[in-house]
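A.B. asks: Quick one: this structure, given as structure tokens, is what I'll be asking you about.
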Amino acid sequence: MSEERILLVDDEGELVFTLAERLELRGFKVDAVTSGKEAVALLETHAYDCAVFDVKMPGMGGGELLDQACRLQPDLPVIMLTGHGSPHEEEGLDRCQAAHTVLYKPVLLDTLLEAMRNAKRSPRYD
Numbered sequence: 000m001s002e003e004r005i006l007l008v009d010d011e012g013e014l015v016f017t018l019a020e021r022l023e024l025r026g027f028k029v030d031a032v033t034s035g036k037e038a039v040a041l042l043e044t045h046a047y048d049c050a051v052f053d054v055k056m057p058g059m060g061g062g063e064l065l066d067q068a069c070r071l072q073p074d075l076p077v078i079m080l081t082g083h084g085s086p087h088e089e090e091g092l093d094r095c096q097a098a099h100t101v102l103y104k105p106v107l108l109d110t111l112l113e114a115m116r117n118a119k120r121s122p123r124y125d
């Protein structure tokens, strides 16, 4: 089993909890929350191997959350999820240069797992 700790953040509760369940079946330890505020509280108290943030959320959006994650855990690989056509149309996604990659919803589990593996191998995180 992997035992890697993953932080999932998406305001769509059904999506985030289903994805968390599927990752847990693959051996990951997953913390899944539905707001940026909850995510920051976890980032302040837990170390993560990778994080997956939705771009557009009420309150603290993915861009602002990414800023907080970079401040709290500078080496954390972050993958952004968007349900919109072009990530550059999203408010705050200009900040996503700090993210490893942007994936489009609905995302296949294998695609997410591949992105997580690639993010951790990126020279930025060595």
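In this text, residue positions in the sequence shown follow this note's numbering: the first is 0, and each later residue adds one. C-beta: ideal position from N, C-alpha, C; glycine also.
Mark Asp-9 as exposed unless 16 or more other C-beta atoms lie within 10 angstroms of its C-beta, in which case mark it buried.
C.D. replies: For the purposes of this step, residue 9 is taken as the residue at position 10 of the sequence shown. So Asp-9 counts as buried.
A.B. asks: Exposed or buried, which one is Ala-114 when buried takes at least 16 other CB atoms within 10 Å?
C.D. replies: Walking along the sequence shown from the start, residue 114 turns up at place 115. With 16 or more other Cβ atoms within 10 Å, it is buried.
A.B. asks: Assign Tyr-103 to one of two classes, buried (16 or more other C-beta atoms within 10 Å of its C-beta) or exposed (fewer than that).
C.D. replies: In the sequence shown, counting from the first residue as 1, residue 103 sits at position 104. It is exposed - the Cβ of Tyr-103 has fewer than 16 other Cβ atoms within 10 Å.
A.B. asks: In the DSSP assignment, what residue or residues form a beta bridge with Met-79?
C.D. replies: Your numbering for residue 79 matches position 80 in the sequence shown. Answer by DSSP bridge pairing, in chain order: Phe-52, Val-101.
A.B. asks: How close, in whole Å, do the beta carbons of Ala-31 and Ala-19 come, if the pair is a contact with beta carbons under 8 Å?
C.D. replies: Residue numbering aside, residue 31 sits at position 32 when the sequence shown is read from its first letter. Residue numbering aside, residue 19 sits at position 20 when the sequence shown is read from its first letter. Ala-31 to Ala-19, Cβ: 4 Å. Contact.
A.B. asks: Taking all protein chains shown into account, do 16 or more other C-beta atoms lie within 10 angstroms of the C-beta of Ala-38, making it buried, or fewer, making it exposed?
C.D. replies: Counting from one through the sequence shown, the residue named residue 38 turns up at place 39. Ala-38 comes out buried.
A.B. asks: Let's see if you can read the secondary structure: which residues bound the alpha helix (DSSP H) around Leu-107?
C.D. replies: Against the sequence shown, residue 107 aligns to sequence position 108. Unbroken run through Leu-107: none, as it is neither H nor E.
A.B. asks: Is it right to say Phe-76 is buried, meaning 16 or more other beta carbons lie within 10 angstroms of its own, or is it exposed?
C.D. replies: The residue you call residue 76 lines up with position 77 of the sequence shown. Here the sequence assigns Pro to residue 76, which means Phe is not the residue at that position. It counts as buried.
A.B. asks: Among the residues of its own chain, which have a CB less than 8 Å from the CB of Leu-71, if the five just before and after it don't count?
C.D. replies: Sequence index remark: in the sequence shown, residue 71 carries index 72 (1-based). Val-39, Leu-42, Glu-43.
A.B. asks: Confirm, please, whether the CB-CB distance from Leu-108 to Arg-21 is below 8 Å.
C.D. replies: What you label residue 21 is simply residue 22 of the sequence shown in a count that begins at 1. What you label residue 108 is simply residue 109 of the sequence shown in a count that begins at 1. It is a contact, given that the beta carbons lie within the stated cut-off.
A.B. asks: Mark Thr-130 as exposed unless 16 or more other C-beta atoms lie within 10 angstroms of its C-beta, in which case mark it buried.
C.D. replies: An answer regarding residue 130 cannot be provided, because it is not within the stretch 0 to 125 covered by the chain.
A.B. asks: DSSP three-state label for Asp-30, please.
C.D. replies: As a first step, residue 30 must be located in the sequence shown, where it is residue number 31. Strand, per DSSP.
A.B. asks: Helix, strand or coil for Arg-131? Go by DSSP, reduced to three states.
C.D. replies: Residue coverage of the chain in this structure runs from 0 to 125, which leaves residue 131 outside it and unanswerable.
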